[in-house]
Amino acid sequence: MTKIATELLPYPGLRPFESNENFLFFGRDGQSNELLARLRNKRFLAVVGPSGSGKSSLVRAGLLPDILGGMMAGAGSHWRVTIMRPGGNPIGNLAEALNRPGILNENGGGDTMQSAFTLVTLQRSALGIAEAYRQAGLPEKDNLLLVVDQFEELFRFKEAATVENAPDLAAAFVKLLLNAVAQQEFPIYVIITMRSDFLGDCAQFRDLPEAINDSQYLVPRMTRDERREAITGPAAVGGARMTPRLVQRLLNDVGDNPDHLPILQHALMRTWNHWKDHHQEKDPIDLDDYRDIGGMEAALSRHADEAFESLGEGISGEAGRRRKEIAEKLFKFLTEKGSDNRETRRPAKLKDIAVALEADISEVVEIIDEFRKPGRSFLMPPP
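Count along the sequence shown from 1, then add 570; that gives the number in my numbering.
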């Protein structure tokens, strides 16, 4: 049997769609226009929805391509876009995001002195983002768009007992964002994505609830027809077709729970790979391909088990057992449950992870690499 030659993987699995994958992003027609209108009016946009509802994908693969294509009336097509997460150092991560190549540094970014200078500028004034834009001497027509993904990480940071003055630093970060869009001298825009169960936490910061109320987009649940497009559209782009019975089974299995969308994408990715490895291109993707990977119910756990067991391949005895022990500790460390039992990702530096796991950095890197190989995406680095 000749294997299917295409290298395209039309389903991202657990990770979000990226901007260059907008041609694979189906089922959200018309929503980008609403996002554009809100962002144009206020220069600030909060994209809010339950965990797994597709917030990041909607921004990255839905909104950003339209912005870069000049679809925002009156703003032109000259954009400098940078994406960040608050993590365990919000202002430091902001400085790093602004100093990336082509953002505020025309010399390519990554300059240590320039990064330090940007950080000082942000720390010195609540108007630090606008000041950094002014100092960069950018052309007047160039818009700056800052996307703060997983904004809820800021609330975890604010409560961090290990960070001195964490509440003040978190408040300063929020002021930087809000003041950047409030000033009119420079064309600066801010988008945040946030889980809806953290909306109440925004009241901890002055002026943030008002900003969100003025320009919030609550990601709607996808209709059955939209979910059908998200299932069949990418396969068609990849030159494949699905049998009607498989499509119906997928629609029934995912239901209308937005939490299931990443699990659906993962199952579709695994189903696609199975079809690609076991069929000829003329064969449709069918129910047997889906069943063989375990369906939505078991595909994720099977895939994770495969990755876990691969840690011991070619390594016998104590060394193999240690790699698995480190992996178990790693996933526990990276998941944090708050006093309200809400689970969030714990952003952490590699050296801090190694200390917590009582492992060498090289050991931790080897484990992480196994879980973020192409097609796995169980662990993903920040933007």
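Don't be surprised by glycine CBs; every beta carbon is placed ideally from N, CA and C.
Predicted model only: the values in this text are computed from it and were never measured.
Asked, Found
"Continuous alpha helix (DSSP H) stretch holding Phe-705: start and end", "It should be noted that the sequence gives Gln, not Phe, for residue 705. Gln-705 -> alpha helix (DSSP H) spans 698–706."
"Anticipated Cβ contact below 8 Å, Leu-664 with Ala-696, distance rounded", "Wrong, their Cβ atoms sit about 13 Å apart, outside the cutoff."
"Helix, strand or coil at Ala-575 according to DSSP, with G and I counted as helix", "In this prediction, Ala-575 scores a pLDDT of 48, lower than 50, which makes its location untrustworthy; no coordinate-derived value is stated."
"Status (buried if at least 16 other CB within 10 Å, exposed otherwise) for Ser-602", "buried"
"Beta-carbon spacing of Ala-810, Leu-834 below 9 Å", "no"
"Ala-575 classed as buried or exposed, judged by whether at least 16 other C-beta atoms fall within 10 angstroms", "Per-residue confidence for Ala-575 stands at a pLDDT of 48, beneath the threshold of 50, marking its modelled position as unreliable; the derived number appears in the next sentence. Exposed, because fewer than 16 other Cβ atoms sit within 10 Å of the Cβ of Ala-575."
"Residue environment, Arg-670, which counts as buried when at least 16 other CB atoms sit within 10 Å", "buried"
"DSSP bridge partner residues for Glu-604 (one or two, in chain order)", "DSSP lists no partner for Glu-604."
"Reference Tyr-759; option with closest CA among Met-839, Val-824, Ile-653 and Phe-775", "Ile-653"
"Distance between beta carbons of Leu-724 and Ala-740, contact taken as under 8 Å", "5 Å"
"Exposed unless 16 or more other CB atoms sit within 10 angstroms - verdict on Pro-944", "exposed"
"Cβ neighbour criterion (16 or more within 10 Å) applied to Ala-781", "buried"
"Buried or exposed (CB count within 10 angstroms, at least 16 for buried), Glu-666", "buried"
"DSSP three-state assignment for Gln-753, whether helix, strand or coil", "coil"
"Complete runs of the alpha helix (DSSP H) confined to the segment 838–910 [at least 4 residues]", "857–862, 865–880 and 887–903"
"Under the three-state DSSP convention, the category Arg-915 falls into", "strand"
"Limits of the unbroken alpha helix (DSSP H) element including Arg-726", "723–728"
"Asp-826 vs Arg-776 beta-carbon contact at 9 Å", "no"
"Candidates Pro-580, Asp-930 and Val-617, of which the one nearest Arg-765 by Cα", "Val-617"
"Stretch pair the segment 781–792 + the segment 608–615: three plus CB contacts closer than 8 Å", "yes"
"is_contact[Ile-937, chain D] using C-beta, thresh 9 Å", "Checking the listed chains, one finds no chain D in this structure; it contains a single protein chain."
"Backbone secondary structure at Met-950 - three-state DSSP", "coil"
"Length of the line joining the Cα atoms of Arg-942 and Glu-755", "42 Å"
"Spatial neighbours of Leu-881 in its chain, beta-carbon cut-off 8 Å, leaving aside the 5 residues before and after", "Gly-890, Arg-893, Lys-894, Ala-897, Ile-937 and Glu-940"
"Same chain, Cβ closer than 7 Å to Ser-947, neighbours up to 5 away in sequence not counted", "Gly-583, Leu-584 and Arg-585"
"Neighbourhood of Thr-802 by C-beta, 7 Å cutoff - its chain only, sequence neighbours within 5 removed", "Met-812 and Val-817"
"Exposed unless 16 or more other CB atoms sit within 10 angstroms - verdict on Leu-949", "buried"
"Three-state secondary structure assigned by DSSP to Gln-720", "coil"
"Beta-carbon separation (whole angstroms), Arg-650 vs Asn-713, contact threshold 8 Å", "7 Å"
"Inter-residue spacing [alpha-carbon to alpha-carbon] between Arg-791 and Ile-885", "46 Å"
"Ile-937 - containing beta strand (DSSP E), residue span", "Run containing Ile-937: none in the beta strand (DSSP E); it sits in the alpha helix (DSSP H), 931–941."
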